[in-house]
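There are 6 protein chains.
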Amino acid sequence: MAQNKRALVLSAHSADFVWRAGGAIALHQKKGYEVTIVCLSYGERGESAKLWKQDGCTLDHVKTERRKEAEAAAKALNAHDIQFFDLGDYPLEIDREAKFRLVDVIRKVQPAFLMSHSHYDPYNTDHSYATKVLMECRMIAQAWGHNPGQKVLGAPQLYLFEPHQTEQMGWKPDVFLDITEVWDNKRAAIECMAGQEHLWDYYTNLAQNRGNHFRRNSGGQAGGRNARYAEGFQSVYPRTVDEL
Amino acid sequence: MAQNKRALVLSAHSADFVWRAGGAIALHQKKGYEVTIVCLSYGERGESAKLWKQDGCTLDHVKTERRKEAEAAAKALNAHDIQFFDLGDYPLEIDREAKFRLVDVIRKVQPAFLMSHSHYDPYNTDHSYATKVLMECRMIAQAWGHNPGQKVLGAPQLYLFEPHQTEQMGWKPDVFLDITEVWDNKRAAIECMAGQEHLWDYYTNLAQNRGNHFRRNSGGQAGGRNARYAEGFQSVYPRTVDEL
Amino acid sequence: MAQNKRALVLSAHSADFVWRAGGAIALHQKKGYEVTIVCLSYGERGESAKLWKQDGCTLDHVKTERRKEAEAAAKALNAHDIQFFDLGDYPLEIDREAKFRLVDVIRKVQPAFLMSHSHYDPYNTDHSYATKVLMECRMIAQAWGHNPGQKVLGAPQLYLFEPHQTEQMGWKPDVFLDITEVWDNKRAAIECMAGQEHLWDYYTNLAQNRGNHFRRNSGGQAGGRNARYAEGFQSVYPRTVDEL
Amino acid sequence: MAQNKRALVLSAHSADFVWRAGGAIALHQKKGYEVTIVCLSYGERGESAKLWKQDGCTLDHVKTERRKEAEAAAKALNAHDIQFFDLGDYPLEIDREAKFRLVDVIRKVQPAFLMSHSHYDPYNTDHSYATKVLMECRMIAQAWGHNPGQKVLGAPQLYLFEPHQTEQMGWKPDVFLDITEVWDNKRAAIECMAGQEHLWDYYTNLAQNRGNHFRRNSGGQAGGRNARYAEGFQSVYPRTVDEL
Amino acid sequence: MAQNKRALVLSAHSADFVWRAGGAIALHQKKGYEVTIVCLSYGERGESAKLWKQDGCTLDHVKTERRKEAEAAAKALNAHDIQFFDLGDYPLEIDREAKFRLVDVIRKVQPAFLMSHSHYDPYNTDHSYATKVLMECRMIAQAWGHNPGQKVLGAPQLYLFEPHQTEQMGWKPDVFLDITEVWDNKRAAIECMAGQEHLWDYYTNLAQNRGNHFRRNSGGQAGGRNARYAEGFQSVYPRTVDEL
Amino acid sequence: MAQNKRALVLSAHSADFVWRAGGAIALHQKKGYEVTIVCLSYGERGESAKLWKQDGCTLDHVKTERRKEAEAAAKALNAHDIQFFDLGDYPLEIDREAKFRLVDVIRKVQPAFLMSHSHYDPYNTDHSYATKVLMECRMIAQAWGHNPGQKVLGAPQLYLFEPHQTEQMGWKPDVFLDITEVWDNKRAAIECMAGQEHLWDYYTNLAQNRGNHFRRNSGGQAGGRNARYAEGFQSVYPRTVDEL
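Protein chains in written order, with my numbering: chain A, 844 to 1087; chain B, 844 to 1087; chain C, 844 to 1087; chain D, 844 to 1087; chain E, 844 to 1087; chain F, 844 to 1087.
As structure tokens, then:
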């Protein structure tokens, strides 16, 4: 349905895109999309406990390791591009310059859809902050007076991907995507995250259970599709359609 | 996308389907769907003030007039079928027998999607009650033990069509449908409602403004579709898709 | 501002109107309104523990005592009228006949405003049920086809008066009424409730604290009115005004 | 903390208690509680598709099979008691007599806590209806005038157990219970549900993932308890404590 | 009802006040109020697409044109005063100095009520940000220790005026203002917005439909006022009254 | 239940901890906890009207007086420690350095639970801002890469204490704490607040009424504890338990 087959995934920390949108990335690449991933930070301070428990660990070392993992994961998903903004984490801080850098990427990609974190996250304020800024940057990218002459942005959907404890975040999925055919890619990407091995099975369980939800909502025992793995997303904006 | 090109629209009173879903009905008929409308009542007591102000008006007379109007409107929309359950209004009361009658229709139609009123309506409790019962009947229609041997229902979406004062109802549209090409049908159906002429322009204004929302959400000044008339709907269940 | 200076207060049990709307009743009577109170039950089963702890207590005895208390309280508030529907409590059950009886009262009173319980009450389902039915009856009273020839109802505001544990009910007051000048009446009415003496100070504390809220919202330390006692209400419908 | 070590679990259909509260039942039994399960229906019409697909299946046959499964599951969980009200399903209908029967059970058990379904379930209106009625019955059981002389009910907490698609139900867990030590019982109970084998792994995945949530909320990588399986619950009423 | 007949309208971009509060401004001026409008930016980057599409367009040129339009509109509404803070847009940024400048205006005006944007706007983060800052400035203006000796602010109501897609913003009007008698002023002000001609009819449609809502909520077919044009507002704070 | 018997209370202004958490502080001290209070500001500009009305008042004088009051109150509550960050108020501004200072305190205290203001406060943006930052600092304190080598934080509960107008803040208490045995301490602390004498009775009334809520939720007339004074709190995170 989309004319411009490109997408942009915003990841507050460098591993978020794997757990939460890995299937969507691999699937859309397979369908001919070009998916660009922007990692605002490496999650170097807050999401790398395993590395920090090693003797003599330094910030640079953590960043290097986390970047390697993320690049390997992006490759496993066949992502078109991955960019690292290196803005720091816990807390993530995004100034005007960084916002405009993100606007530049958005305008260059001209995505059919955007992806980011849930609106609210009481455990991790970096997550909801990233989405808040993305919504601001979407608006800037639409402004005809921002870098006049550049192609302005249309009105891409923003999908909020699945946070870790969904109910605590007030996150409610309104669309399930069947990722069965790219599950192997997602699992391979997940296994690139050496530092968070305790989450591998968690997100496999989750993908299976979301597969159950896909089946139920596509017809259940009276004709539902036999999806075995799925991902859920919450849409921020209304859709515009020709047919319901 | 739908395999079974049929739809079912539930109208608490006999004119509701016109204002709120007339465009969707005409458009889907044009696309080859068969749309069945079920009117639970004629709105004979509560939505026929103009008739009641006439001398010697009787309940039967009001019902007859309202039925004629609704049938004419359904015809203007090229609706496949319109059925009248004549359950009374203000208040509408739906007993077990009426529920099973509605289940029979649902199972017979096997709709790709259902339509009904908003979840909450502080002005008109018949509206929200109709939707509550429809959700119950959708569940019954899915039960393998209800009239065993009949084809059970899958998991059709339920779209809540637009109530009169949207914000008071907590209604939030998540999909806009471009009804420009069938607007003339909808306007013709609206004009069948002789008793509620004060609403003709109201719903024309509304369709135009929803057209603006369609344009904004489909790209705005950077490529949005030039829809001139639209209708909005709120989805109750998550969608299941192959591509975002 | 109101043209028809009449009001109708619906009380699920016979003491509710005292704690929750006693000030509003007395104040509006003083301003020339005629306030009618309808008690759907006596609260005879569920809100009369003190009486039931007496030996040989019977349902009739409880009803008689509760009615006496309510009548005395209504008198202390100078209420225009108090009616008892005697529909039973715990659970309260309101059939079609009782609804139509309530519609008759509403149409006869033609109130400028209605009052009832909060939309939700997890401790006392009679309360929210009474309001749900009142909203249904407001709709019926507006129907030109219900008892044609009777004067139909306009669009009176519905105020939800204060429940016992406000935050658990999702109740949010949007208007505070200064009841300082009729506080003595309300306290006198409260003291008619011999069976619930444990609540006298509770509701006095509450009225004082709502007075503080009145002062804050009317200007605070920079000119707020010195209200000493107040009641809060939540409006269901939007207001229509000539001036903000 | 509880003085009366008894609990009551309300199950709209005869298998609900297994998936949603099996761990809590087994664990509290192990801690010396007596847990009573009330199944309002057998789920004979709506949750027994596998049986209905067999030739010559009858309603009585389904009920018998479902009852056997539920009794076996209750036994696997060491539940103190299981009762079947046989009120029918899809739709479940609970009249005044059935309510009073439930009140009798509640008063007899005098539970420290109650358990039931989520407040809202757009897929299955039997579920939310069961909870609505339970809240009504809790209120009736507290009434001194209901069967005077019986011991009235105190104010037991009501825990809403986990529905199938949590986010669609607006369900938010505020307490996680570590069920690791009784997981084998729960799995054994789950395997009694021969007719719903497609859900065995689903609920195992879920219990593991809730275990992850338990670990995170009990301290995470800085000291969280190593729970491997957990269940989540949403509390309806506030807690009363001596120490936070 | 207000003693100090002055009001302050905050507009994130220089045209917002026209579409959203033009009627309220003109009406209150007519009733003897002095209404001050503060435009935080000219909307020069984000809301001036038509100008930017012209060759050789510069930021200064856009600002000049937008200011002229806004001044003409304010004049058409007979507004007492209009001030331009020129803080930039897309994104709007308000530092401490700008906040204190706004506090100065608030204290000088001593408004009976404030007006600003909705709490949430996923399309335009400047809007909700303006309101967030206004609430902060209202608090500062109430502080006795801020510029001691100045007259501190009381507790003026804050009305949130109507955003473009109300339901997406979670905006719910609780008051409708009849602007029929100043509609010609509002339409004239609207027509000053040469750059946004595509919105003229949109906001005319809207005013007519809000007129319908006014009529319904003021009595409907049983005595509602014949308002032909209206504006809706959402109140942030509770009202304090002598009579309901 | 807590292993580390320490707690941290965050107070935007120097008196907040008294009204809202004084009972919890005194009670937990009595139970052997060490409670640390952090006051982000003295409330010197916005909550010291009485002082500012005196001739020749200066900011330093107000700070000194407010500090004395807060220290006296902390002493009356037997608080373990009280710290003043002196960050200014109306508006409170917390930069990165101040955040890290707060993280240092959190890590040093290693609290079993945190306390702060409600999520939303339309009257006082300092309040909700303090809580927002506390949630960010809780996250930073959990980061293994923040000051590596320090003991990282576990997952302490965050309790939101009672704001002034609870319903306007969307605050909902889910736990009531019986503070009867330390009420005299709380009242003594309250009386240290010489500048806000108008609130002494307000918060006494409130504690009594929360005592009523405690009694109701702990069993009511069928065995509830006779708490005479209580405080309510809203939990942000789910609890993890061994027994319901």
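The beta carbon of each residue, even a glycine, is placed where N, CA and C say it ideally should be.
Buried or exposed (CB count within 10 angstroms, at least 16 for buried), residue i
| i | result |
| --- | --- |
| residue 968 of chain E | buried |
| residue 886 of chain D | buried |
| residue 1017 of chain D | buried |
| residue 1021 of chain D | buried |
| residue 992 of chain A | exposed |
| residue 1075 of chain E | buried |
| residue 906 of chain F | buried |
| residue 979 of chain D | buried |
| residue 901 of chain D | exposed |
| residue 960 of chain D | buried |
| residue 1029 of chain E | buried |
| residue 1080 of chain A | buried |
| residue 897 of chain D | exposed |
| residue 988 of chain A | buried |
Residue i versus residue j: straight-line alpha-carbon distance, rounded
| i | j | result |
| --- | --- | --- |
| residue 995 of chain D | residue 950 of chain D | 7 Å |
| residue 1068 of chain E | residue 860 of chain D | 56 Å |
| residue 945 of chain C | residue 882 of chain B | 28 Å |
| residue 908 of chain B | residue 855 of chain B | 17 Å |
| residue 1034 of chain A | residue 917 of chain A | 12 Å |
| residue 972 of chain F | residue 864 of chain F | 18 Å |
| residue 858 of chain B | residue 1071 of chain D | 56 Å |
| residue 998 of chain A | residue 981 of chain A | 8 Å |
| residue 849 of chain B | residue 1087 of chain A | 11 Å |
| residue 844 of chain E | residue 1085 of chain C | Caution is warranted here: a pLDDT of 44 is assigned to residue 844 of chain E, below 50, making its placement in the model unreliable, and the coordinate value is therefore given only provisionally. For residue 844 of chain E and residue 1085 of chain C, the distance between alpha carbons rounds to 11 Å. |
Best match in the options for proximity to residue i [C-alpha to C-alpha]
| i | options | result |
| --- | --- | --- |
| residue 1078 of chain D | C/940, C/892, C/1066, C/965 | C/965 |
| residue 936 of chain E | E/976, E/897, E/1056 | E/976 |
| residue 1065 of chain A | B/1048, B/939, B/984 | B/984 |
| residue 929 of chain C | C/914, C/1010, C/921, C/910 | C/910 |
| residue 934 of chain D | D/981, D/1044, D/884, D/872 | D/884 |
| residue 1059 of chain A | A/904, A/942, A/1019 | A/1019 |
| residue 1007 of chain C | C/1049, C/1040, C/893 | C/1049 |
| residue 1042 of chain A | D/1063, D/1044, D/1042 | D/1063 |
| residue 1040 of chain E | E/868, E/867, E/891, E/880 | E/891 |
| residue 920 of chain A | A/970, A/862, A/904, A/893 | A/862 |
Pair within 7 Å by beta-carbon distance, residue i and residue j
| i | j | result |
| --- | --- | --- |
| residue 953 of chain F | residue 847 of chain F | yes |
| residue 1036 of chain E | residue 1004 of chain E | no |
| residue 851 of chain D | residue 1025 of chain D | no |
| residue 932 of chain C | residue 889 of chain C | yes |
| residue 1015 of chain D | residue 1010 of chain A | yes |
| residue 1032 of chain D | residue 1053 of chain D | no |
| residue 1000 of chain E | residue 956 of chain E | yes |
| residue 941 of chain A | residue 878 of chain A | no |
Quick one: which unbroken beta strand (DSSP E) runs of 3-plus residues sit fully inside the stretch 998 to 1052 of chain D? Chain order, please.
1000 to 1003, 1018 to 1021
4-residue-minimum alpha helix (DSSP H) runs that sit fully inside the stretch 911 to 994 of chain F, ordered along the chain:
939 to 952, 968 to 984
With 9 Å as the limit, tell me which residues of the stretch 1026 to 1049 of chain E have their beta carbon closer than that to any beta carbon of chain H; keep them in chain order.
Within the model displayed, chain H is absent; protein chains A, B, C, D, E and F are what it includes.
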